[in-house]
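If you read the sequence shown in the numbering used here, its first letter stands for residue 5, the second for the next number, and so on. Every residue, glycine too, gets a C-beta built ideally from N, C-alpha and C. Okay, so here's the structure we're looking at.
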Amino acid sequence: MNYLERVRQIKKSSKKGDYILYWMQGAFRVEYNHSLEFAKYLALSKDLPLKVLVVVDFNYKDANYRHFKFFIDGILELIDKFKDLKISFHVKIGSFKEIVPQYSKNADTLITDKAYIKWLKDVRNEIYNKNDITIYEVDTNLMVPVQAASPKCEYGAYTIRPKIHKLKEKFLNDFVVFDYKGRSYEVENDLNGLNIDDKLKSVHYLKPVDFIGGESKADKLLRDFLNEKYLFFAEKRGDPSLDVESNLSFYLHFGFISPIKILKEAIKIDTDPKNYETLFEQLVVRRELAHNFTYYCDNISDLFSFLPNWAVKTVIEHKDDIRKYLYKLEDLENFKTHDKFWNAAQYELIHKGKIHNYMRMYWGKKVIEWTESFEDAYKILIYLNDKYALDGRDPNGYAGIAWCFGMHDRAFQERKIFGKVRYMSENGLKQKFDMDGYLSRVMG
Ligand SMILES: Cc1cc2nc3c(=O)[nH]c(=O)nc-3n(C[C@H](O)[C@H](O)[C@H](O)COP(=O)(O)OP(=O)(O)OC[C@H]3O[C@@H](n4cnc5c(N)ncnc54)[C@H](O)[C@@H]3O)c2cc1C
5 MNYLERVRQI KKSSKKGDYI LYWMQGAFRV EYNHSLEFAK YLALSKDLPL
55 KVLVVVDFNY KDANYRHFKF FIDGILELID KFKDLKISFH VKIGSFKEIV
105 PQYSKNADTL ITDKAYIKWL KDVRNEIYNK NDITIYEVDT NLMVPVQAAS
155 PKCEYGAYTI RPKIHKLKEK FLNDFVVFDY KGRSYEVEND LNGLNIDDKL
205 KSVHYLKPVD FIGGESKADK LLRDFLNEKY LFFAEKRGDP SLDVESNLSF
255 YLHFGFISPI KILKEAIKID TDPKNYETLF EQLVVRRELA HNFTYYCDNI
305 SDLFSFLPNW AVKTVIEHKD DIRKYLYKLE DLENFKTHDK FWNAAQYELI
355 HKGKIHNYMR MYWGKKVIEW TESFEDAYKI LIYLNDKYAL DGRDPNGYAG
405 IAWCFGMHDR AFQERKIFGK VRYMSENGLK QKFDMDGYLS RVMG
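In structure tokens form, the structure reads like this:
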């Protein structure tokens, strides 16, 4: 078993149980899923049946109809995949804290996907304390496992990059598939026969976006991206007037696809190596820096608890600077500002479920410029991103927003409101890109 650095034993018990239980909570896929493979390996070596459990928790923090719809589409697809694998699959509606302990009671071992955000780590810890059972966590959603990459919160891409590059070969190639087929298997599906729309009435309604959740949709999107956009990725990805992004962030967020699969497929394409380097920098270095941030930072809601000292000092010095424009949450949410490019970015967020990568930075920076305090701006950005972005509520989102305030960045020349935090201007956008092209692409 060569997953030793992906797998962490959380608890050891001498109690024997009747089956191996994999609580699938972060990696909703069968391919390139180290947690599933480790669970199969234990089932084979202990000669016990394997059960996979998914809990659909309608009280999941900050999730709304848009998120649930995408998630449930992906879960329904898994039912057939597990049937083919002859592995028992249980989809239960309820709370994590009740259902997982119930299913663990007679289990021999509990395996789950590693969590990278504090509230999800806290939920797991509560669950782990409820039963006397052996427990493992598996880090399957990152190429280099978060603790293997670094034991501490990193300063920036420049500090984590060499660590990741040193380990990339090892972790890109550690995946093995175990040939487990259950002698008998069962399917339990609480979603069966349920009018999902009725059920979802208890959660906040938000119009779904044009993407459908699930592993096969992620596969198709990856293939389309590699065939149609990847050849221009390094050169054009940052241009908001063009659509050269993969949109895979939706699928990565829900664990419908593994970054390892994306890299393995990309490496096969015969193109300028710069495209692979750019993909690696975003998908591995930047994404893993974001996960490093939320994994090691205890309080991502308190901006001043994690910003570097230079950023804290400079924003405190500039907190009373006069703001030329001041907008309330309602104006921002309804894209009613004086800035047509910002409005288009907010429109894109609401309608597409994410903003183009370059405009996402501009979107964040302007909210800082137009609100009374840095703390207000931070709360508004998290609120809007988590509500509307289909890839929101993710380490990448928290790190991306924190970056707008100086996290993982360096000091720039001092100016009003921002102090030494990097500033972005409307003129800068117009000089670099065809911004009318962006407006017509997004607003139609
Ligand atoms: C203010 C702000 C908010 C953001 N909010 C989110 C969010 O809620 N969810 C989210 O996934 N990303 C967020 N990002 C990061 C980045 O903008 C998105 O990951 C990217 O635009 C997703 O689109 P894509 O999948 O088409 O990316 P592509 O350009 O196709 O890149 C491929 C993958 O690389 C990773 N990646 C790309 N850029 C970054 C980055 N800057 N940081 C970390 N990983 C990256 C993503 O996993 C992405 O899916 C935010 C950035 C900022 C500045």
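| Cβ separation of residue 78 and residue 218, assumed to be a contact under 8 Å, to the nearest whole Å | Counted from its first residue, the sequence shown places residue 78 at position 74. Counted from its first residue, the sequence shown places residue 218 at position 214. Right, their Cβ atoms sit about 4 Å apart.
| When you compare each of 393, 408, 395, 357 to residue 381 by their alpha carbons, which one comes out closest? | In the sequence shown, residue 381 corresponds to position 377, counting from 1. Cα-wise, what sits closest to residue 381 is 408.
| field | Integer Cβ distance of residue 208 from residue 69, believed to fall under 8 Å | value | The residue labelled residue 208 in the question sits at position 204 within the sequence shown. The residue labelled residue 69 in the question sits at position 65 within the sequence shown. Contact holds; Cβ gap of about 6 Å.
| field | Pick from 231, 262, 251 that is closest to residue 275, judged by C-alpha positions | value | Sequence index remark: in the sequence shown, residue 275 carries index 271 (1-based). When only C-alpha atoms are compared, the closest one is 231.
| said: Only counting the same chain, and skipping five residues up and downstream in sequence, which positions put a Cβ closer than 7 Å to that of residue 75? | reply: Taking the sequence shown and counting its residues from 1, one reaches residue 75 at position 71. Result list for residue 75: 217, 258, in chain order.
| request: Take residue 119 as the anchor and find which of 108, 140, 83 has the nearest alpha-carbon. | output: Counting from 1 along the sequence shown, the entry for residue 119 is found at position 115. Among 108, 140, 83, the Cα nearest to that of residue 119 belongs to 140.
| field | Candidates 185, 135, 85, 8: closest to residue 102 by CA position | value | If you number the sequence shown from 1, residue 102 lands on position 98. Among 185, 135, 85, 8, the Cα nearest to that of residue 102 belongs to 135.
| Measuring from the CB of residue 28, is there a heavy atom of ligand 1 at a distance below 7 Å? | In the sequence shown, the residue the question calls residue 28 occupies position 24. Not under cutoff, so the answer is no.
| query | At which residue ranges does the region 107-151 contain complete alpha helix (DSSP H) runs of 4 or more residues, listed in the order of the chain? | reply | 122-132
| query | Is the closest heavy atom of ligand 1 to the C-beta of residue 429 under 7 Å? | reply | Looking up residue 429 in the sequence shown gives position 425. Because no heavy atom of ligand 1 lies under 7 Å away, the Cβ of residue 429 does not count as near it: no.
| said: Can you look up residue 49 in the DSSP assignment and give me helix, strand or coil? | reply: In the sequence shown, residue 49 corresponds to position 45, counting from 1. Three-state DSSP puts residue 49 in a helix.
| task | State yes or no: is the C-beta of residue 404 nearer than 7 Å to some heavy atom of ligand 1? | result | The residue given as residue 404 occupies position 400 in the sequence shown. Yes, the beta carbon of residue 404 sits closer than 7 Å to at least one heavy atom of ligand 1.
| query | Can you list, in chain order, the residues of its chain whose CB lies under 7 Å from that of residue 435, leaving out five sequence neighbours each side? | reply | Reading the sequence shown from its first residue, position 431 is the one you call residue 435. The answer is none, since no qualifying residue turns up.
| Among 193, 129, 430, nearest to residue 342 - alpha-carbon criterion | Locating residue 342 in the sequence shown gives position 338, where the first residue counts as 1. If we check each option's Cα against that of residue 342, 430 comes out closest.
| task | Check residue 60 in the structure and name its three-state DSSP category. | result | In the sequence shown, counting from the first residue as 1, residue 60 sits at position 56. Note: residue 60 maps to strand in three-state DSSP.
| said: Distance check for residue 184 and residue 240, CA to CA, integer angstroms please. | reply: Within the sequence shown, the letter at position 236 stands for residue 240. Within the sequence shown, the letter at position 180 stands for residue 184. Distance between the alpha carbons of residue 240 and residue 184 is about 44 Å.
| task | Within its chain, find whatever has a CB closer than 6 Å to the CB of residue 13; leave out the 5 residues flanking it on each side and keep chain order. | result | Residue mapping note: residue 13 aligns to position 9 of the sequence shown, counting from 1. Answer for residue 13: 140, listed in chain order.
| Backbone CA spacing between residue 20 and residue 138 [nearest angstrom] | For the purposes of this step, residue 20 is taken as the residue at position 16 of the sequence shown. For the purposes of this step, residue 138 is taken as the residue at position 134 of the sequence shown. Their backbone Cα atoms lie some 9 Å apart in a straight line.
| First through last residue of the beta strand (DSSP E) which encompasses residue 193 | Translated into the one-based positions of the sequence shown, residue 193 becomes position 189. Its beta strand (DSSP E) spans residues 191-193.
| query | If you draw a straight line from the alpha carbon of residue 358 to that of residue 229, how long is it in whole angstroms? | reply | Here residue 358 is taken as the residue at index 354 of the sequence shown, counted from 1. Here residue 229 is taken as the residue at index 225 of the sequence shown, counted from 1. C-alpha separation (whole angstroms): 17 Å.
| said: Within a Cβ cutoff of 6 Å, which residues of the same chain sit near residue 410, ignoring the five residues on either side of it in sequence? | reply: The residue labelled residue 410 in the question sits at position 406 within the sequence shown. Once the five neighbours on either side are set aside, the close Cβ partners of residue 410 are 311, 315, 425.
| query | Helix, strand or coil for residue 357 per DSSP? | reply | As a first step, residue 357 is located in the sequence shown; it is residue number 353 there, counting from the start. Three-state result, residue 357: coil.
| Helix, strand or coil: which one does DSSP assign to residue 309? | The count along the sequence shown starts at 1 and reaches residue 309 at position 305. Helix, per DSSP.
| query | Got a sec, what are the start and stop residues for the alpha helix (DSSP H) residue 94 sits in? | reply | If you number the sequence shown from 1, residue 94 lands on position 90. Residue 94 -> not in any alpha helix (DSSP H); beta strand (DSSP E) instead, spanning 92-97.
| C-beta contact flag for residue 116 and residue 10 at 8 Å | For this step, residue 116 is matched to residue 112 along the sequence shown. For this step, residue 10 is matched to residue 6 along the sequence shown. No, they are not a contact pair.
| said: Is residue 9 close to ligand 1? I mean its beta-carbon at under 7 Å from any heavy atom of the ligand. | reply: Counting from 1 along the sequence shown, the entry for residue 9 is found at position 5. Incorrect: residue 9 has no Cβ contact closer than 7 Å to ligand 1.
| message | At a cut-off of 7 Å, would you count residue 70 as near ligand 1, judging by its Cβ distance to the nearest heavy atom? | response | By one-based count along the sequence shown, residue 70 stands at place 66. No, the beta carbon of residue 70 sits no closer than 7 Å to any heavy atom of ligand 1.
| Where residue 13 falls: helix, strand or coil (DSSP) | Residue mapping note: residue 13 aligns to position 9 of the sequence shown, counting from 1. Residue 13 falls in the strand class under three-state DSSP.
| said: Once the 5 residues before and after residue 333 are set aside, which same chain residues still bring their CB inside 6 Å of it? | reply: Along the sequence shown, read from residue 1 onward, the residue named residue 333 stands at position 329. Cβ within range, chain order: 384.
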